[in-house]
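J.: Okay, handing you the structure first.
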Amino acid sequence: MQQHVTDSRGGRHSPWGHVVQAAAALGAGMGVGRFVYTPILPLMHAQAGLSAATGANLATANYVGYLLGALAGTFLPRLVRSPAVLRGCLVVLAVSLAAMPVTHSPGVWLVLRLCAGVASALIFVIAASSLLSHLRDHPAHLPGWAFGGVGAGIALSGLLVLALRTIADWQAAWWASAALTALLALPAWFLRPEPAPPSASATPGAEQRATGPRAHRWFTARWFTALLASYTLEGIGYIIAGTFLVAAIEQSSPGWIGSGAWVLVGLAAIPSSALWAGLGRRWSRPGLLLAALAVQAVGIALPALIGGVAAALLSAVLFGATFIGVSTLALATGAHLRFPRAVAVLTAGYSVGQILGPLVATPLLRHGYHQALVLAAAVVLAAAVAAALLRIGFPHHMPTPGHPVARSEPAPGGQPTAVDTARAQAD
């Protein structure tokens, strides 16, 4: 019998319809709104006179905006439950993309990319929270495919830029990206955010769980510290590659190879969350996190150390297949450890890493992008080392203070369940 999603008014909806709506929101907010800058960056260098340093500053502005949006979603939960906020962010995102080619002012570009970052973060938080609340009782592959919307957005926007680069300019690329965002916003417009949680008085034992003994904080601090270090380092390394990969490939390959590689990144990312979630049912998450980071480091280093078309395309596949998987594995691991506000702390560390990435890479851009990719690979390898430390004695079965021993399982798609998230964020 087909399962359906039931909303707060008792209505029934197809879970696949919810997947499509969430995937469209994630495709618009992350795949296009956040990552289309990567394939457009080389065009702005060549046609708009954008310097490497200014390009890095624009990336940093977007990541600062993302951090602000993520923090707003964390500390103002009403935003996450508002359809009006989702729709407003979709509009702001499309407008910010369409306004990029209207000016040549770096200052205005900075503001526009900052606004796009805030909107992207809120769209992501709303869509992810909606998936975790409405599909938590459904098979793991459903939310996994929804998170694949990020990859679909990357692939679609990459194809647009690839098609336009020979017949139009950087301005047309931004306008086309704004149009694609508006198109994806149509199904995303009707996505139902997560419902308001029941009050503590309506949930037996909720107050006891929130205010129970906290000795487990010290029990899990060792592993959570390693996880936070690994995820923050991943934020630094992955964002350097995510920002400069196309420009680096185009330094030593025909121009279409860079844009084509970015399309491959998106295509590889589409099934990655569902696949890593499936692997998580057989192997431990710390071990999978280590494997994903090691594979990602190799993929990032390939264009810089080997060069050539084959290395560029393999790099794109390896990078696309891991960067979303690393996020889902890390957040699920943090929720499993039940460290106070684990998901919020991990998200903040990751966001700070993304802000630092372009800044630490900027001094290396004077001689091109290859040195920046080598640095990114080294940082991701350091993240893998931290993940290896996480595996030592990792508590796969976590006791709940004041409750029977129970094993915490990730939600579908490798994401933490609503119960896990509540425990992880409880004070």
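In the working numbering, the protein residues as written are 5 to 431. The beta-carbon is built from N, C-alpha and C at its ideal position, and this holds for glycine as well.
For ARG169 and ARG395, I'd like the C-alpha separation in whole angstroms.
T.: For this step, residue 169 is matched to residue 165 along the sequence shown. For this step, residue 395 is matched to residue 391 along the sequence shown. Those two C-alpha atoms are separated by around 46 Å.
J.: Please tell me whether THR247 and PRO362 are closer than 9 Å, where the distance is taken between their beta carbons.
T.: Position 243 of the sequence shown, counted from the first residue, corresponds to residue 247. Position 358 of the sequence shown, counted from the first residue, corresponds to residue 362. Yes, the pair counts as a contact, with Cβ atoms nearer than the cut-off.
J.: DSSP state of VAL40, grouped into three classes?
T.: The count along the sequence shown starts at 1 and reaches residue 40 at position 36. In the structure shown, VAL40 sits in coil (DSSP, three-state: anything other than H, G, I, E or B).
J.: Whose CA, out of ILE130, GLY282, TYR235, VAL364, lies closest to the CA of VAL2?
T.: Shown here, the chain extends from 5 to 431; a query on residue 2 therefore has no answer.
J.: Look up PHE327 in the DSSP assignment and say whether it is helix, strand or coil.
T.: In the sequence shown, counting from the first residue as 1, residue 327 sits at position 323. DSSP places PHE327 in helix when its eight states are reduced to three.
J.: Would you mind giving the Cβ-Cβ distance between ALA352 and ALA301, rounded to the nearest angstrom? I have them listed as a contact below 8 Å.
T.: Mapped onto the sequence shown, residue 352 falls at position 348. Mapped onto the sequence shown, residue 301 falls at position 297. Incorrect: roughly 23 Å between the Cβ atoms, too far for contact.
J.: Going by DSSP in three states, TYR235 sits in which element: helix, strand or coil?
T.: One-based indexing of the sequence shown puts residue 235 at position 231. Three-state DSSP puts TYR235 in a helix.
J.: Between which residues of its own chain and GLY21 is the CB-CB distance below 6 Å, once the five residues before and five after are set aside?
T.: Residue mapping note: residue 21 aligns to position 17 of the sequence shown, counting from 1. Counting only Cβ-Cβ distances below 6 Å, and skipping sequence neighbours, we find nothing.
J.: DSSP three-state call for GLU254: helix, strand or coil?
T.: On the sequence shown, position 250 is the one that residue 254 refers to. DSSP places GLU254 in helix when its eight states are reduced to three.
J.: Within 10 Å of its beta-carbon, does GLN25 have 16 or more other beta-carbons around it, so buried, or fewer, so exposed?
T.: Looking up residue 25 in the sequence shown gives position 21. GLN25 comes out buried.
J.: Taking Cβ to Cβ, would you say ILE171 is nearer than 9 Å to LEU30?
T.: Your numbering for residue 171 matches position 167 in the sequence shown. Your numbering for residue 30 matches position 26 in the sequence shown. Their beta carbons are not under 9 Å apart, which means ILE171 does not touch LEU30 by this criterion.
J.: In whole angstroms, what is the alpha-carbon distance linking HIS113 and ALA320?
T.: The sequence position of residue 113 within the sequence shown is 109, counting from 1. The sequence position of residue 320 within the sequence shown is 316, counting from 1. Correcting the residue type first, residue 113 is Trp in the shown sequence and not His. Those two C-alpha atoms are separated by around 27 Å.
J.: Let me make sure I understand the geometry here. Which of LEU297, ILE253, ALA252 has the alpha-carbon closest to that of VAL4?
T.: Shown here, the chain extends from 5 to 431; a query on residue 4 therefore has no answer.
J.: Please classify ILE130 as buried or exposed, where buried requires at least 16 neighbouring CB atoms within 10 angstroms.
T.: The count along the sequence shown starts at 1 and reaches residue 130 at position 126. So ILE130 ends up on the buried side.
J.: Please classify ARG289 as buried or exposed, where buried requires at least 16 neighbouring CB atoms within 10 angstroms.
T.: Position 285 of the sequence shown holds residue 289. Buried, by the Cβ-count rule.
J.: On the CB-based measure, 16 or more other CB atoms within 10 Å of its CB, does HIS340 come out buried or exposed?
T.: As a first step, residue 340 must be located in the sequence shown, where it is residue number 336. Buried: at least 16 other Cβ atoms inside 10 Å.
J.: Tell me the residue span of the alpha helix (DSSP H) that contains TRP179.
T.: One-based indexing of the sequence shown puts residue 179 at position 175. It spans 174-192 - the alpha helix (DSSP H) in which TRP179 sits, taken as one unbroken run.
J.: Going by the CB atoms, is the gap between SER256 and GLY312 shorter than 9 Å?
T.: Taking the sequence shown and counting its residues from 1, one reaches residue 312 at position 308. Taking the sequence shown and counting its residues from 1, one reaches residue 256 at position 252. Result yes, Cβ atoms of GLY312 and SER256 sit closer than 9 Å.
J.: Determine the DSSP secondary structure at PHE343, reduced to helix, strand or coil.
T.: Taking the first residue of the sequence shown as 1, we reach residue 343 at position 339. Coil at PHE343, not helix or strand.
J.: Taking the CB atoms as reference points, tell me whether GLY324 and ALA273 lie closer together than 9 Å.
T.: As a first step, residue 324 must be located in the sequence shown, where it is residue number 320. As a first step, residue 273 must be located in the sequence shown, where it is residue number 269. In contact: GLY324 and ALA273 (Cβ atoms closer than 9 Å).
J.: Starting from VAL384, follow the alpha helix (DSSP H) in both directions and report where the run begins and ends.
T.: The residue given as residue 384 occupies position 380 in the sequence shown. VAL384 -> alpha helix (DSSP H) spans 374-395.
J.: I need the straight-line Cα distance from LEU271 to ALA265, nearest angstrom please.
T.: As a working note, residue 271 is residue 267 in the sequence shown. As a working note, residue 265 is residue 261 in the sequence shown. Going by the C-alpha atoms only, they are around 10 Å apart.
J.: Give the range of the alpha helix (DSSP H) segment to which PRO87 is assigned.
T.: By 1-based counting over the sequence shown, the position of residue 87 is 83. PRO87 -> alpha helix (DSSP H) spans 87-103.
J.: Where do the N-terminal and C-terminal ends of the alpha helix (DSSP H) with LEU163 fall, by residue?
T.: Within the sequence shown, residue 163 is the residue found at index 159, counting from 1. From DSSP, the alpha helix (DSSP H) with LEU163 extends over 153-168.
J.: Answer with buried or exposed for ALA57, where buried requires no fewer than 16 other C-beta atoms within 10 angstroms of its C-beta.
T.: Numbered from 1 along the sequence shown, position 53 holds the residue referred to as residue 57. Exposed: under 16 other Cβ atoms inside 10 Å.
J.: Assign ILE310 to one of two classes, buried (16 or more other C-beta atoms within 10 Å of its C-beta) or exposed (fewer than that).
T.: By one-based count along the sequence shown, residue 310 stands at place 306. Its Cβ having fewer than 16 others within 10 Å, ILE310 is exposed.
J.: Let me make sure I understand the geometry here. Which of ALA233, THR107, VAL267 has the alpha-carbon closest to that of VAL165?
T.: Locating residue 165 in the sequence shown gives position 161, counting from the first residue. When only C-alpha atoms are compared, the closest one is VAL267.
J.: Mapping the DSSP letters down to three states, classify ALA57 as helix, strand or coil.
T.: If you number the sequence shown from 1, residue 57 lands on position 53. Helix, per DSSP.
J.: To the nearest angstrom, report how far apart SER1 and LEU369 are at their CA atoms.
T.: Any question about residue 1 goes unanswered here, given that the chain covers just 5 to 431.
J.: If we count the other Cβ atoms within 10 Å of its Cβ and call it buried at 16 or more, is PHE194 buried or exposed?
T.: The residue labelled residue 194 in the question sits at position 190 within the sequence shown. Burial call: exposed.
J.: Please report the distance separating the alpha-carbon of ALA225 from that of LEU75.
T.: Here residue 225 refers to the residue found at position 221 of the sequence shown. Here residue 75 refers to the residue found at position 71 of the sequence shown. Taking the straight line joining both Cα atoms gives about 23 Å.
J.: Where does ASP431 fall in DSSP's three states?
T.: For the purposes of this step, residue 431 is taken as residue 427 along the sequence shown, with counting starting at 1. Residue placement at ASP431 is poorly supported in this model, since its pLDDT is 34, which falls under 50; the coordinates still yield a value, given next. ASP431: coil per DSSP, three-state reduction.
J.: Check this for me: beta carbons of LEU62 and ALA245, under 9 Å apart or not?
T.: Start at 1 with the first residue of the sequence shown, and residue 62 comes out as number 58. Start at 1 with the first residue of the sequence shown, and residue 245 comes out as number 241. No, Cβ-Cβ distance for LEU62 and ALA245 is not below 9 Å.
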